[in-house]
Amino acid sequence: MRTDTRPRDGRCHPRWRLPGLLAAALAASAAVVLTVPSWTPAPPPQVATAASATAAGSAATPAPTTSAPAPAGTPVPAGPATVAPAAPGPSLPVVTGADGTPVARPATGALFDGPADDPGDHFCSGSVVESATGDLVVTAAHCVADGDGTPARTGMSFAPGYDDGTAPFGYWTVTAAAVPPGWLESGDPDSDVAFLTVSRPDGPPIQQVTGAYRIAFGTPGTDGDDTPVTAVGYNDGDEDATTVSGTAGTLDEDQWQLDQPGLDQGASGGPWLTGPDDSEILAVTGGYQQGGDSPDVSYGADLGPAAQAAYRSAGGTD
């Protein structure tokens, strides 16, 4: 893993930004899972451990770290939603909100800095991804962790399908986070991805409500240049998602680059969609400069071995 000496800024809300230039990045493909002891998925699936996902020759998986419990509170109830059976292939059903109008991207949403019963302002973006537990959201690591060795934050909320200032499926509490140690310990931009466990006491797992994206694990060096993508994110202060389309190239072997204007502060963690019907996530906005210091160009975090290990640790399968 390279040492990054380039300037950093970021696409998350300013109050969540990290300090300035960080030191050399720590290379690791394992993941640290920050769990809340009082929360367990039901029923608990058998999933691969981070240790089994560690690439040959990499460091051993660090011991799990326990984060602070999520704050108590009654979530804002979701409006009635209808989920049509998913077509073969992508697990993205047609979903309608309370008014019967189809939601364009129900599995993509905004992260809010408060709990579900008092969400506050949105500061980052995220997406529901396929998992054995049905409760995982992918975002950028810098949205939930400072990269200085301190644990990731939990207790904020996620609103899937957030549109026109409304949350058609309610707010889901973030109860745990899986962050690669490369980011958690030293802010390595090549490990700027996190998998969040979300829950709501009054309904099924979020994947059953919104559908979920698949993740195209790999690296820019192996996937190649000129990959068509649709990047989505919630810019700071906007009540609707911003969508830009273009061709993603490689900044280097660990980072994707998209030379299309439109994404700005708050778009961090939003998905770069590709594949049939935009059903797969190639990257999330983040990484170099925490996603970019200009709205004219965006960068996407590598979803390679470190991200894959974090995903497995959080309850995903591949």
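Residues 0 to 317 (numbering that gives the first Met the number 0) make up the sequence shown, in order. Where is the CB? At the ideal position from N, CA and C, for every residue including glycine. Since this is a predicted model, take the numbers as computed values, not measurements.
Nearest-angstrom Cα separation, counted from residue j out to residue i
i, j, result
"Ala309", "Val127", "15 Å"
"Trp255", "Ala300", "7 Å"
"Ala144", "Ala151", "4 Å"
"Leu135", "Pro105", "14 Å"
"Pro203", "Ser297", "34 Å"
"Ala109", "Ala103", "14 Å"
"Gly274", "Pro118", "33 Å"
"Gly315", "Gly217", "16 Å"
"Gly248", "Asp201", "42 Å"
"Gln45", "Asp263", "With a pLDDT of 32 at Gln45, under the threshold of 50, the modelled position of that residue is not reliable, and no figure is offered here."
"Asp239", "Pro101", "15 Å"
"Pro347", "Leu272", "Summary: the structure shown does not reach residue 347, with the chain confined to residues 0 through 317, and so no result is reported for it."
"Val178", "Cys142", "11 Å"
"Leu257", "Asp295", "9 Å"
"Val231", "Pro167", "18 Å"
"Ser383", "Ala211", "Because residue 383 is not part of the residues shown, which for the chain are 0 to 317, the question remains open."
"Ala131", "Gln207", "12 Å"
"Asp163", "Asp235", "14 Å"
"Asp276", "Tyr233", "21 Å"
"Ala329", "Thr174", "Any answer about residue 329 is impossible in this case: the structure gives the chain only from 0 up to 317."
"Asp187", "Arg311", "20 Å"
"Gly169", "Ser185", "34 Å"
"Thr64", "Asp251", "In this prediction, Thr64 has a pLDDT of 34, which is less than 50 and means its spatial position is unreliable; what the coordinates show is noted afterwards. Roughly 31 Å separates the two Cα atoms."
"Gln307", "Asp237", "31 Å"
8 Å contact criterion, which residue i and residue j should meet: CB distance rounded
i, j, result
"Arg199", "Glu129", "19 Å between Cβ atoms; not a contact."
"Gly266", "Thr241", "Here residue 266 is Ala; the residue named in the question, Gly, does not match the sequence. Their Cβ separation, rounded to whole angstroms, is 7 Å, which keeps Ala266 and Thr241 in contact under 8 Å."
"Thr226", "Thr196", "No, Thr226 and Thr196 are not in contact; Cβ-Cβ is about 29 Å, not under 8 Å."
"Phe194", "Ala313", "4 Å"
"Val94", "Thr209", "6 Å"
C-beta contact flag for residue i and residue j at 8 Å
i, j, result
"Thr107", "Pro270", "yes"
"Thr138", "Gly146", "no"
"Asp191", "Gly285", "yes"
"Asp171", "Ala140", "This sequence places Trp at residue 171; Asp is not what is there. Contact flag unset, no."
"Gly133", "Ile205", "yes"
"Gly261", "Cys123", "no"
"Ala215", "Ile280", "yes"
"Asp120", "Asp189", "no"
"Val283", "Gln259", "no"
Sheet register partners of residue i (DSSP bridge)
i, result
"Pro270", "Val283"
"Ser244", "Thr229"
"Arg213", "Glu279"
"Leu135", "Val128, Thr196"
"Leu257", "Ala247, Ser297"
"Cys123", "Leu110"
"Val173", "Val197"
"Phe157", "Leu110, Trp171"
Exercise. Answer yes if the stretch 154–161 comes into contact with the stretch 111–126, meaning at least three C-beta pairs across the two stretches below 8 Å, and no otherwise.
Key: Contact annotation: the stretch 111–126 touches the stretch 154–161, with at least three C-beta pairs closer than 8 Å.
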